[in-house]
Structure formats: structure tokens, C-alpha cells
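Here is the structure we will look at.
What follows is the structure in C-alpha cells.
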């Protein structure tokens, strides 16, 4: 009798334990955890950067104008933004490309060429809820269109210091795609920098009439050598710069890389390069879009802000006298400190 009672007691205990195990095996999410997960999702959605589409007039790996913008786009992608780009887009096709990105829901469309100007303002009017930006450098904006300056004249002044020391003739040459303010100011600033070393320095300017025609630019550069004895070149625009490099190769002159380190293209003639970090521009556009404060801004980031600088070609560095390096560095620090304001002469 006692044995049966004991067996029943054991059976009851086992059933109770199994029931408890079943409850442990099927946990439920407490309401507090569900609310926390929803909150985290909301935070992630709010913190997601605005999406950005980029339209380039040249190939993204041109080591110059287009690549500078593409590199800045990649930084935004690394920060979590949805990004897209189109390269080598002609002026006649850029409006169609921008409309496509607007229809895809991109928050920001950056048209990285001065020549895209008309198309940008046309399409921006059609999509008032999309923010646009273009490489005008002339402070032409609209409520949903930003313009970003290219104060290349600041590093051009530093290049001029090098030219003043390295030019044997004192005759400097500048080739522009077009004689627009951004380009004109570059040549004038280079001459001003050169005159701090050689007061008799002169500048010969040619507007090629095309941003990408390397052959025409080369012929223009060779003409400058023949007529003015130019032996140090500066280019504004990729085509003019590449043309000047080709001419420098044939004549023994020095050339300057344009918004990208071009030393590897011609290590025997590219003495220095103007380099452009566009990340501050893209970040400002993104931040103001996210904050809802974007309203026709005109962005300007130069040497002081760390967006522009000059780099020397290490293969030719031995040719640069110590006093030239010291003068260049002193001028750079003075610009950063606000003690030197490089003259801006747009026309």
C-alpha cells in the first residue's frame, strides 16, 4: 500500500517537472523588449543618411575631376547612404539621367560639371522635393539647387611659387577649357605667386573652347612655347591639363596636375598637382538635406578647410630648391591661419 502511494507521488512530481520544462522551452518576448526593438528600428531609420546620385562628365577613374567627386560619393556609401552614379554623361543627355534618378527617389542629385548648368535648373524645377547641386562656382542657386565653389586659385598661388623658382624663362602658361571665373582666377593666382619670387614673371593664357579635347589643348600649349617661351604650365579642365602635359613632354617644360595627383601620368614633367578633397562638400549637402535646412546654399571649401592642396611629384622633388619648399609651406600656413588672402581675379 505504502509502495503504491509512493509511486503515485513520484508520478505527480514528474508530471509537474515536465510541465515546468515545457514552459521554459517556449519563452515569450516581454512587451518591454518589443518596444525597445521598435525604438531601435525607428532610430536606424532616422539616422539613415540621405541617398545621393552623382552624374559625371568623364570616367570615374580619370585621376582628376570626375574621380574627385566619385571618391567623395564612396565616402557617403561607407557611411550608409544609398548611392548611384553615371559616368561620361554628355550635356545633351544629362537631363534625362537626372530625371531617372529623381524618379527612383534619390534625395540628392549632384551634377558635377559647369556645362550641366541649364539642365540642372530645368530638372530641379520639375522635382522641387529633390535637392540638386552643380559645379558652377559662380553662386547661382535656387531653393533646391546648391552651387559649390572650386577655389582652385588658392593652391594655384602655391604652384606659382614653385613656378617662380623653377621656370628658366619666367614665362608661364595657362590653358582653360573656357575662360570662366574659376579658371581665370587660377591663372592670375599662379602669376601672383610666381611674382613673389620673380617680379618679371609673365602669363600667357589660352581658352581651348573644350573641356576634353586633349589634342587641341596640346597644340595651344605648343603655340605658347613657340610664341612666348612658356616653360611652366597650369591647366583648368582635364583636357587642357592633359594637353599641357603632352606639350611639356615634347619641350622639356613643367606641367601641373589638375584636381588629382597626375604625377604617374608623366613623372618626368608633372612637377606638382592640385588635389581636391570633395568629401566636405558632399557631407555638407547630406547634412543640410537630412536636417531640412537645405535652401540654395553656396559651398566654399578651400585650403584652409583642408579641401584643396598641392602635392609634389617625388620623382622631381630633388629639383625643387629648399627655399621654394619653405616659401610654399609658409604661404600654405598663412592661408590656413587667415594671414594670407590669395587674390581672386575672376575676369
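In my numbering, the protein residues as written are 142 to 488. By construction, the Cβ of each residue, glycine as well, lies at the ideal position given by its N, Cα and C atoms.
Here's a check: name, in chain order, each residue in its chain whose Cβ is nearer than 8 Å to the Cβ of residue i, leaving out the five neighbours to either side.
| i | result |
| --- | --- |
| residue 345 | 312, 313, 314, 315, 365, 368, 369 and 371 |
| residue 481 | 472 and 475 |
| residue 265 | 271, 273, 283, 285 and 286 |
| residue 449 | 292, 293, 295, 296, 415, 416, 417, 418, 442 and 443 |
| residue 464 | 306 |
| residue 390 | 407, 409 and 410 |
| residue 336 | 301, 305 and 342 |
| residue 435 | 272, 285, 287, 426 and 429 |
| residue 356 | 384 |
| residue 460 | 307 and 412 |
| residue 479 | 445 |
Please report the Cβ distance between residue i and residue j, rounded to the nearest whole angstrom; I am assuming they are in contact, meaning their Cβ atoms lie under 8 Å.
| i | j | result |
| --- | --- | --- |
| residue 396 | residue 411 | 5 Å |
| residue 196 | residue 238 | 6 Å |
| residue 485 | residue 214 | Between residue 214 and residue 485 the Cβ distance is about 28 Å, and since that is not below 8 Å, they are no contact. |
| residue 332 | residue 358 | Actually they do not touch by this definition, with Cβ atoms about 20 Å apart. |
| residue 286 | residue 433 | Actually they are not in contact, since the Cβ atoms of residue 286 and residue 433 sit about 16 Å apart, beyond 8 Å. |
| residue 373 | residue 308 | 4 Å |
| residue 330 | residue 483 | 5 Å |
| residue 227 | residue 399 | With a Cβ gap of about 22 Å, residue 227 and residue 399 do not count as contacting. |
| residue 300 | residue 328 | That belief does not hold up - the Cβ atoms of residue 300 and residue 328 are roughly 10 Å apart, past 8 Å. |
| residue 254 | residue 218 | No, residue 254 and residue 218 are not in contact; Cβ-Cβ is about 21 Å, not under 8 Å. |
From what residue to what residue does the beta strand (DSSP E) around residue i run?
| i | result |
| --- | --- |
| residue 225 | 224-227 |
| residue 286 | 286-289 |
| residue 345 | 343-348 |
| residue 416 | 411-417 |
| residue 275 | 272-275 |
| residue 317 | 312-317 |
| residue 396 | 396-398 |
| residue 376 | 373-377 |
| residue 251 | 249-253 |
| residue 451 | 449-453 |
Would you say residue i and residue j are within 8 Å of each other, going by their C-beta atoms?
| i | j | result |
| --- | --- | --- |
| residue 248 | residue 284 | no |
| residue 302 | residue 468 | yes |
| residue 499 | residue 305 | Here the chain covers residues 142 to 488 and nothing more, so residue 499 does not appear. |
| residue 440 | residue 257 | no |
| residue 489 | residue 210 | Residue 489 cannot be examined here, being either before or after the span of the chain that is shown, 142 to 488. |
| residue 487 | residue 326 | yes |
| residue 230 | residue 251 | no |
| residue 236 | residue 263 | yes |
| residue 420 | residue 261 | no |
| residue 363 | residue 386 | no |
Closer than 6 Å by C-beta to residue i: which residues in its own chain qualify, once you throw out the five before and the five after it? Chain order, please.
| i | result |
| --- | --- |
| residue 452 | 402, 414 and 416 |
| residue 225 | 194 |
| residue 477 | 445 |
| residue 278 | 290, 291 and 323 |
| residue 493 | The requested residue 493 does not occur in the structure, where the chain is confined to residues 142 to 488. |
| residue 281 | 288 |
| residue 245 | none |
| residue 223 | 192 |
| residue 319 | 348 |
| residue 184 | Its pLDDT being 39, under 50, residue 184 is placed unreliably in this model, and the value from its coordinates should be taken loosely. Same-chain partners within the cutoff: there are none. |
Which stretch, first to last residue, makes up the alpha helix (DSSP H) that contains residue i?
| i | result |
| --- | --- |
| residue 428 | 420-432 |
| residue 262 | 258-267 |
| residue 332 | 322-336 |
| residue 194 | Careful: residue 194 lies outside any alpha helix (DSSP H), inside the beta strand (DSSP E) at 193-197. |
| residue 235 | 235-244 |
| residue 463 | 463-478 |
| residue 356 | 355-369 |
| residue 302 | 294-307 |
| residue 206 | 206-219 |
| residue 188 | 172-188 |
Can you list, in chain order, the residues of its chain with a C-beta nearer than 7 Å to that of residue i? Leave out the 5 residues immediately preceding and following it.
| i | result |
| --- | --- |
| residue 347 | 316, 361 and 365 |
| residue 408 | 454 and 456 |
| residue 221 | 189 and 190 |
| residue 268 | 243 |
| residue 202 | 208 |
| residue 241 | none |
When you measure from the CB of residue i to every non-hydrogen atom of the ligand ZN, does any distance come out below 7 Å?
| i | result |
| --- | --- |
| residue 255 | No copy of the ligand ZN appears in this structure; indeed no ligand is present at all. |
For this session: Flag this pair as touching only if the stretch 281-300 and the stretch 435-450 have three or more C-beta atom pairs under 8 Å; answer yes or no.
Result: yes
Exercise. Touch check for the stretch 374-390 and the stretch 347-354: three-plus C-beta pairs under 8 Å?
Worked result: yes
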